[in-house]
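What follows is a set of notes on a single structure, which appears directly below.
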Amino acid sequence: MTQDEIALRYDFAQKLARGAGEIATTYFRKPMALNVREKGLHDLVTEADLAIDRYLINELGRAFPSDGIVTEESGGDLTDRIWVIDPLDGTQNFARGIGHFAISIAFHHAGRTDVGVVYNPVSGEMFTARRGFGAFCNGQPIAVRPTALPRDAVIDAGYSSKRPVVDYLALLSRLTSASYGFLQNGSAAMGLAHVASGRIDGYCELFLNSWDVLAGALLVEEAGGWVSDFTADDGLRRGNAILACTPLLKGSLQALAEIGRMDRPETIAAARST
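Numbering (the working numbering), first residue to last: 911 to 1184.
Given below as structure tokens:
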């Protein structure tokens, strides 16, 4: 794929996010129309999720009919050239009238994410990244914080009901014992965007799906941060843990979160077998 083809998708993803944001805003102002349903424990879907999902699939199908599409609500098959989308990341917040949510759009090609867009229509902030060209918020360059010490750092520690709550509590205990501050804001895409823009110092979660993180992970990378290899162990298809942070905190956070460490037994075994 040429850089011109990637640039075309980068521009289109931003246009697409704005269109999806208009749909989200319309529903956000009319909570009675949401028809909130529960897919699982603390896992909601609303009419807004489904409407945005339909819009994104239809628009991408017309613009790039040869590209594959995977979304949280409709699924899809992974191909070499694939859009990976969360129509509404942070549905719990959205359904309760909290304006901390985002449309997350990533374009993944030949084993790497080349385009990432995270858009919060309530704040009007669009975070964008194209591999090799930096990260931006509303067109202005962004960068991770230069934080070097845990006592100066705040980490967004996301909670996943797909992992035992005892594991999450143990993670929080390790972070706070090491003098890290933490928060939990309910949107992985926005958490990663806030790492990329230097508002917080790291994001971690013990399990997420690819549509939750691919766009935000590219933002962090292009903003000068470090991100664990989410696609390891078939993470693109099966989901994985994620850790993203300013580089100076990498060693400390890897040890505490136990995400992306090369000394894990399964990682060592895999390395020895190659």
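Note that beta-carbon positions come from the ideal geometry of N, C-alpha and C, so glycine has one too.
For clarity, every value in this text was computed on a predicted model and none was experimentally measured.
query	result
Contact belief for residue 1152 with residue 1107 at Cβ below 8 Å, rounded distance in angstroms	Rounded, the Cβ-Cβ distance is 17 Å, inconsistent with contact.
Backbone CA spacing between residue 1057 and residue 1170 [nearest angstrom]	20 Å
Beta-carbon proximity check, residue 1122 vs residue 1098, cutoff 7 Å	yes
Beta-carbon proximity of residue 1102 to residue 1126, cut-off 7 Å	yes
Rounded separation between residue 1162 and residue 1131 - CA only	18 Å
Contact check, residue 1009 vs residue 1129, beta carbons under 7 Å	no
Alpha-carbon spacing of residue 1013 relative to residue 1119, whole angstroms	15 Å
Residue 974 versus residue 958 - alpha carbon distance	24 Å
Test item: CB-CB of residue 1004 and residue 1070 under 7 Å	no
Alpha helix (DSSP H) segment containing residue 1111, residue limits	No alpha helix (DSSP H) holds residue 1111; DSSP gives it neither H nor E.
Residue 951 versus residue 996 - alpha carbon distance	Because residue 951 sits at a pLDDT of 48, beneath the cut-off of 50, its placement in the model cannot be relied upon, and the following sentence gives the value as read from the coordinates. Taking the straight line from one Cα to the other gives about 18 Å.
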